[in-house]
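Residue numbers (UniProt numbering): 1 to 297.
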């Protein structure tokens, strides 16, 4: 008997998740003999539910919610010896992984067009003891973006992230980092360092155009900003996409690395939009670690 577990965050999608969950159950029952719905009530529930589903060796695990819910579910599968196939129906504000996998952003369309025939492998990133499927960000601009509250996200969508980020552009605070990438150390000064797995960041779909969801690579980007003017110069490069280092942006593909900061500063790295571990940070990629369902090309 082929079973699927659907993990639902009921507070996602302007709290329309329960309605969409019913539609998703009907769709999934076309492909699975049993569909079990589990609703999250608190942080960590999606991880716990996904881990239990893997231990029970169900065929597939699905998540319905925003990037945080998807991250939790993937984290629950990542360390299991048997990992069910994974799929998700995006209900959040940004949905970066969904965009990279060409999953429709309209939940109804994502459900209606779902099929088990479209599958691919997916890299997962690991930072210290946590997992990520899209981005780890460190610095004043990423911190401002991750500080967007739930009400602003619900009301303004990804515009809320953009506005908070723009405000922080005019903060002249920089940090002195040491990067150790694939065994080579580099000292940099920057207001923002990001490590990404996919081409999509903050809902913008071609920030790292060469990144693929299963290429076995992490991508390091950082601003070479000694001043506010330098920071503003980097904006056009980011918008058009970064595929090599230039005078405004540092760029390096890698598989394993470490990031430390020289000063004693109160920095709060974000992992897939939520608060992550404290520095120093160690990174590695788990290549083609999950089999995932994706949207139409």
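For every residue, glycine included, the Cβ atom is placed at its ideal position computed from N, Cα and C.
Chain-order list of residues whose beta-carbon lies under 8 angstroms from that of residue i (same chain, five-residue window excluded)
i	result
residue 57	82 and 84
residue 34	1, 2, 3 and 4
residue 118	293, 294, 295 and 296
residue 348	Look at the range of the chain in this structure, 1 to 297, and you will see that residue 348 is not part of it.
residue 190	139, 174, 175, 177, 222, 223, 224, 225 and 250
residue 29	35
residue 32	2, 3, 4, 59 and 60
residue 159	Bear in mind that the predicted position of residue 159 carries a pLDDT of just 43, short of 50, making it unreliable; the figure below should be weighed with that in mind. Excluding residues within five positions, none has a Cβ falling inside 8 angstroms.
residue 185	178 and 179
For residue j and residue i, the rounded distance between their alpha carbons
i	j	result
residue 289	residue 60	15 angstroms
residue 277	residue 16	31 angstroms
residue 161	residue 202	Note that residue 161 scores 45 on pLDDT, short of 50, meaning its location in the model is unreliable and no value can be drawn from it.
residue 71	residue 280	21 angstroms
residue 53	residue 6	10 angstroms
residue 165	residue 271	Reliability of the predicted coordinates at residue 165 is poor, the pLDDT of 45 falling under 50, and the value obtained from them is presented with this limitation in mind. Going from the Cα of residue 165 to the Cα of residue 271 covers about 16 angstroms.
residue 275	residue 92	17 angstroms
residue 284	residue 176	22 angstroms
residue 145	residue 38	In this prediction, residue 145 scores a pLDDT of 47, lower than 50, which makes its location untrustworthy; the coordinate-derived value is nonetheless stated afterwards. So the two alpha carbons sit approximately 30 angstroms from each other.
residue 24	residue 18	10 angstroms
residue 125	residue 282	10 angstroms
residue 106	residue 20	11 angstroms
residue 181	residue 253	9 angstroms
residue 243	residue 210	6 angstroms
residue 302	residue 291	Nothing can be reported for residue 302: it is not among the residues displayed for the chain, which extend from 1 to 297.
residue 259	residue 108	41 angstroms
residue 269	residue 135	10 angstroms
residue 155	residue 183	Reliability of the predicted coordinates at residue 155 is poor, the pLDDT of 47 falling under 50, and the value obtained from them is presented with this limitation in mind. Cα-Cα distance, rounded: 44 angstroms.
residue 40	residue 22	15 angstroms
residue 133	residue 212	12 angstroms
residue 240	residue 207	7 angstroms
residue 255	residue 127	12 angstroms
residue 11	residue 116	27 angstroms
residue 80	residue 216	19 angstroms
residue 302	residue 131	Residue numbering for the chain in the displayed model covers 1 to 297; residue 302 lies beyond these limits and cannot be assessed.
residue 298	residue 101	A question about residue 298 goes unanswered here, because the residues of the chain that appear run from 1 up to 297.
residue 65	residue 78	19 angstroms
residue 192	residue 129	22 angstroms
residue 42	residue 55	21 angstroms
residue 248	residue 261	20 angstroms
Contacts around residue i, its chain only, beta-carbon distance under 6 angstroms, and the 5 residues preceding and following it disregarded
i	result
residue 110	89, 103 and 104
residue 87	62 and 293
residue 205	99
residue 187	178
residue 47	72, 75 and 76
residue 49	7 and 38
residue 51	76
residue 44	none
Residue i - containing alpha helix (DSSP H), residue span
i	result
residue 111	107-112
residue 96	96-100
residue 48	45-55
residue 38	From DSSP, residue 38 is part of no alpha helix (DSSP H) but of the beta strand (DSSP E) over 34-39.
residue 139	Looking at the DSSP string, residue 139 is not in any alpha helix (DSSP H); the run it does join, the beta strand (DSSP E), is 135-139.
residue 72	67-78
residue 3	Note, residue 3: premise wrong, no alpha helix (DSSP H); beta strand (DSSP E) at 3-8.
Cβ-Cβ separation, residue j to residue i (assumed contact under 8 angstroms), whole Å
i	j	result
residue 250	residue 218	With 8 angstroms as the limit, residue 250 and residue 218 do not qualify as a contact, their Cβ atoms being about 14 angstroms apart.
residue 223	residue 138	With 8 angstroms as the limit, residue 223 and residue 138 do not qualify as a contact, their Cβ atoms being about 11 angstroms apart.
residue 68	residue 273	6 angstroms
Same chain, Cβ closer than 7 angstroms to residue i, neighbours up to 5 away in sequence not counted
i	result
residue 214	120, 121, 122, 123 and 288
residue 263	175 and 176
residue 265	175
Span of the beta strand (DSSP E), counted from its first residue to its last, around residue i
i	result
residue 258	256-261
residue 87	85-90
residue 125	119-127
residue 213	Taken as a continuous stretch (DSSP letters only), residue 213 belongs to no beta strand (DSSP E), as it is neither H nor E.
residue 23	No beta strand (DSSP E) contains residue 23, which is instead part of the alpha helix (DSSP H) from 17-28.
residue 186	184-190
residue 292	281-293
residue 180	175-181
residue 132	130-132
### Message
Does the contact criterion of 3 or more C-beta pairs under 8 angstroms hold for the region 197-208 versus the region 95-108?
### Response
yes
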